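Here's the structure we're looking at; comments come further down.
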Amino acid sequence: MTSGSQICIVDDAADYLFLLGELFSHYFPAYSVSFFADGDEFLAALPYLNPLPRLILLDRHMPHLGGHQTLLGLKEHATYKKIPVVMMSADASADEINGCYEAGANSFIAKAANLDTLKDVLERLCRYWLEMNRTPTNL
Numbered sequence: 728m729t730s731g732s733q734i735c736i737v738d739d740a741a742d743y744l745f746l747l748g749e750l751f752s753h754y755f756p757a758y759s760v761s762f763f764a765d766g767d768e769f770l771a772a773l774p775y776l777n778p779l780p781r782l783i784l785l786d787r788h789m790p791h792l793g794g795h796q797t798l799l800g801l802k803e804h805a806t807y808k809k810i811p812v813v814m815m816s817a818d819a820s821a822d823e824i825n826g827c828y829e830a831g832a833n834s835f836i837a838k839a840a841n842l843d844t845l846k847d848v849l850e851r852l853c854r855y856w857l858e859m860n861r862t863p864t865n866l
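When you line the sequence shown up against this note's numbering, it's residues 728 to 866, in that order.
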């Protein structure tokens, strides 16, 4: 595990963010996690994050600036486009998944239906993206 690895989670569902926060604090305390309620809030804060996140978990469906538009904004920026983005949605239809990949997502996961599954998904995501995967040196 890369201690202190920065993860940003963007989701408009306050209860889901709370649950993720509890899971990270109890089971994955070595990771530094920042939470944002929508794409506007996240993109406004991103230039001030130091270090940059090594992983972004981004909800597909949000009011204001949604996940798709937020992802497009990230992928248009020279520095941010290299940050791995995992899209999340309760809608795991083929059209939904294809749309996320076409916009530049690095991965897509269906939102977990129960706590044990969510914990397992987070563990696997962190292990792959923050321990096994290698990102460009400037991240």
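A virtual CB, placed ideally from N, CA and C, is assigned to each residue, including glycine. Quick caveat: nothing in here was measured; it's all calculated off a predicted structure.
| Query | Result |
| --- | --- |
| contact_flag[the segment 800–812, the segment 741–760] where n(CB pairs < 8 Å) is 3 or more | no |
| H753 burial status per 10 Å Cβ neighbour count (16 or more: buried) | exposed |
| Cα-Cα separation, D786 to W856 | 17 Å |
| Any 3 or more C-beta pairs closer than 8 Å across the segment 817–834 and the segment 784–800 | yes |
| CA-to-CA distance, Q796 to C827, given in whole angstroms | 10 Å |
| Candidates E858, D738, E850 and A840: closest to L792 by CA position | D738 |
| DSSP-derived helix/strand/coil call for D767 | helix |
| Contact under 8 Å by Cβ, P756 with L782 | no |
| Local conformation of D818 per DSSP, three classes | coil |
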